[in-house]
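Since the structure comes first, as structure tokens, the remarks are kept for the end.
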Amino acid sequence: MQDKQNVTPRIMIGAPNGRSGKTMVSVGLCALLHKNGLSVQPFKKGPDYIDASWLTAASGKACRNLDAYLMSKDVIISNFCKSSLGNDFALIEGNMGLYDGFDGGEEGSSAHLARVLKTPVVLVVNTARMTRSIAALIKGYMDFEAGTNVTGVILNNVAGPRHEKKLSDAVERYCKIPVLGCIPRNQALAIHERHLGLVPFQEASSGTIGIERILRTIEKHLDIESLISIAKSAQGLPISHSTTQQRPKVSVRIGVMMDHAFHFYYPENLEALEQEGAELVLIDAIHDDKLEAIDGLYIGGGFPELYMSKLQLNETLRVQIATSIEDGLPVYAECGGLIYLCDRIVIDGVPYTGVGAIPSSVEFFTKPQAHGYSKLEVKYENPFYPVGMQIYGHEFHYSRLTCAKGLHCALELTRGQGIDGKMDGIVYRNVFASYTHIHASGTSSWAKSFVSVASRNKGIGKSAFEQESPREVGHG
Numbered sequence: 004m005q006d007k008q009n010v011t012p013r014i015m016i017g018a019p020n021g022r023s024g025k026t027m028v029s030v031g032l033c034a035l036l037h038k039n040g041l042s043v044q045p046f047k048k049g050p051d052y053i054d055a056s057w058l059t060a061a062s063g064k065a066c067r068n069l070d071a072y073l074m075s076k077d078v079i080i081s082n083f084c085k086s087s088l089g090n091d092f093a094l095i096e097g098n099m100g101l102y103d104g105f106d107g108g109e110e111g112s113s114a115h116l117a118r119v120l121k122t123p124v125v126l127v128v129n130t131a132r133m134t135r136s137i138a139a140l141i142k143g144y145m146d147f148e149a150g151t152n153v154t155g156v157i158l159n160n161v162a163g164p165r166h167e168k169k170l171s172d173a174v175e176r177y178c179k180i181p182v183l184g185c186i187p188r189n190q191a192l193a194i195h196e197r198h199l200g201l202v203p204f205q206e207a208s209s210g211t212i213g214i215e216r217i218l219r220t221i222e223k224h225l226d227i228e229s230l231i232s233i234a235k236s237a238q239g240l241p242i243s244h245s246t247t248q249q250r251p252k253v254s255v256r257i258g259v260m261m262d263h264a265f266h267f268y269y270p271e272n273l274e275a276l277e278q279e280g281a282e283l284v285l286i287d288a289i290h291d292d293k294l295e296a297i298d299g300l301y302i303g304g305g306f307p308e309l310y311m312s313k314l315q316l317n318e319t320l321r322v323q324i325a326t327s328i329e330d331g332l333p334v335y336a337e338c339g340g341l342i343y344l345c346d347r348i349v350i351d352g353v354p355y356t357g358v359g360a361i362p363s364s365v366e367f368f369t370k371p372q373a374h375g376y377s378k379l380e381v382k383y384e385n386p387f388y389p390v391g392m393q394i395y396g397h398e399f400h401y402s403r404l405t406c407a408k409g410l411h412c413a414l415e416l417t418r419g420q421g422i423d424g425k426m427d428g429i430v431y432r433n434v435f436a437s438y439t440h441i442h443a444s445g446t447s448s449w450a451k452s453f454v455s456v457a458s459r460n461k462g463i464g465k466s467a468f469e470q471e472s473p474r475e476v477g478h479g
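Its first residue numbered 4, the sequence shown is counted upward by one per residue in our numbering.
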């Protein structure tokens, strides 16, 4: 039954292509509205953790990811409504170009998401070396797919007053939509980049200063009132009626590595564990010298390669984790967590010592070893997933396992790279370690399974399942 509408004012910040200034504008808007006393809920289209970290810092609210590959349309609408309802404003930052979808199609694009959520789009355009041609570009984006509501434009990287006038005149004459702001060319506004994205806010020593600098620019150069008016024009979204779930009594304690090295976690993943009865215990792999009494351990992604010297120095914690794994501690590790659990991590030719639960070396390369969505089938018994289940995830890593003969893997890939291009999901005792990141909203049984296996192994008991010949993988 659908009995009410979500009419939260909202916009999507999109662009013709990546690196046009979407994140700068999105961060600045969140910070400015938050500073002015508005409650702003940010969202990031796609699986990205890093842009989300800046949006979280700017708004003071945990950014939520919306991704049509990782979750269904109904789940996207439900998650959006649940998180945005009761806020003064919702901002969705798109990714890539506005119409870039899965495998060359329209599904999964930022425009597709805007249509699903009935959200007006404000286009941020990098105007370097462009004048009247901007009108042709914007008009094409307005008309390319029916139902995509491009309602305004923000001009970025503007050279000066004459450039601004030529651009604004062309947009207003040919496109009939307002220019909501003109941001001058200013290298100081750039957020530092690494790999294919930004440096996470957690790692940026001057992150707060950077947000304040962007806020001041947005405040000076954008027509905030007109932008809010566009956000208020968004159509209502139907909210599905559902009964409120009461959180069960705490049944297990699950440790979560949360520090500079490991901080890639979707809020929904952590909330899903709590909803199943887990108390989350935050662990700093760099500074904590002992493992608290826990019934399970979740090691997410991040950039452990930047902190390997410090992680290696914390030998006491590494040894305790290795010992607990031998005793049957359930561990779920994604990407950075997988790397940390290996014997040896080689970075720029320098070897570092990991936990040692996975008998393999990890080597880092200058080019990505995998980047994109993945699809996997559970082929063999493991602590977390039933055989036959389909898993949709994503991966992005510059490392790969070497000297990895004899590893037992539970997942067979039909899309993606994983461990060796064929398999992912290393299984050892109650450990499950993969390059694949999952989102709890699209992998609904994950949290229940995690809490269940942790409950069966309270007190760090012995293994709760017998392996049934998982497939071995190996590299030369």
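Virtual Cβ for every residue (Gly too), placed ideally from N, Cα, C.
Its Cα nearest to that of glutamate 228, the residue Leu32 stands out among Pro164, Ser458 and Leu32. With a cutoff of 8 Å on beta-carbon distance, histidine 411 and tyrosine 438 are scored as not near each other.
Beta-bridge partners assigned by DSSP to isoleucine 14: Leu94.
For threonine 130, no beta strand (DSSP E) run applies, since DSSP gives it neither H nor E. CA-CA distance, leucine 300 to serine 243, rounds to 34 Å. In the structure shown, alanine 413 adopts extended strand secondary structure according to DSSP, grouped into three states.
Between asparagine 159 and valine 128, the C-beta gap is smaller than 8 Å, which places the two residues in contact.
Cβ neighbours of glutamate 295 within its own chain (closer than 8 Å, five residues either side excluded): Arg256, Gly258, Val284 and Ile286.
Between tyrosine 376 and histidine 397, the beta carbon gap of about 5 Å places them in contact (Cβ cut-off 8 Å). The beta carbon of leucine 36 sits closer than 7 Å to those of Val43 and Phe92, all from its chain and outside the five residues before and after it, given in chain order.
Serine 42 carries a coil assignment under DSSP once its states are collapsed to helix, strand and coil.
Here phenylalanine 435 is buried. Its C-beta has 16 or more other C-beta atoms within 10 Å. When only Cα atoms are considered, asparagine 460 and alanine 281 end up about 13 Å apart. Minimum Cα-Cα distance from aspartate 298 among the listed residues Ile328, Met311 and Glu274 corresponds to Ile328. With contacts defined by Cβ atoms closer than 8 Å, lysine 378 and arginine 418 form a contacting pair. Under DSSP, proline 187 shares a beta bridge with Val161. The beta carbon of tyrosine 310 lies closer than 7 Å to those of His263, Ala264 and Ile289 in the same chain, with the five residues before and after it left out.
As computed with DSSP, alanine 336 is found in a beta bridge with Ile302 and Ala436.
Annotation: the continuous beta strand (DSSP E) that includes methionine 426 extends over 426 to 431.
Your pair isoleucine 157 and valine 125 checks out as a contact, with CB atoms roughly 6 Å apart and the cut at 8 Å. As computed with DSSP, glycine 331 is found in no beta bridge at all. Contact annotation: the segment 45 to 55 touches the segment 67 to 75, with at least three C-beta pairs closer than 8 Å. CA-to-CA, the gap between glutamate 215 and alanine 34 works out to about 8 Å. By the CB criterion at 8 Å, aspartate 146 and leucine 183 fall outside the cutoff.
With respect to the 8 Å criterion, asparagine 98 and serine 81 are not classified as neighbours on the basis of their beta carbons. The beta carbon of aspartate 103 is closer than 6 Å to those of Ser112 in its chain, skipping five residues each way along the sequence.
The criterion of a C-beta distance shorter than 8 Å is not satisfied by glycine 428 and alanine 443. A residue is called buried once 16 or more other Cβ atoms fall within 10 Å of its Cβ, and isoleucine 422 is buried on that count.
Under the three-state reduction of DSSP output, cysteine 345 falls in the strand class. Annotation for glycine 239: Gln8 and Val10 place their beta carbon closer than 6 Å to its own, counting only its chain and skipping 5 residues before and after.
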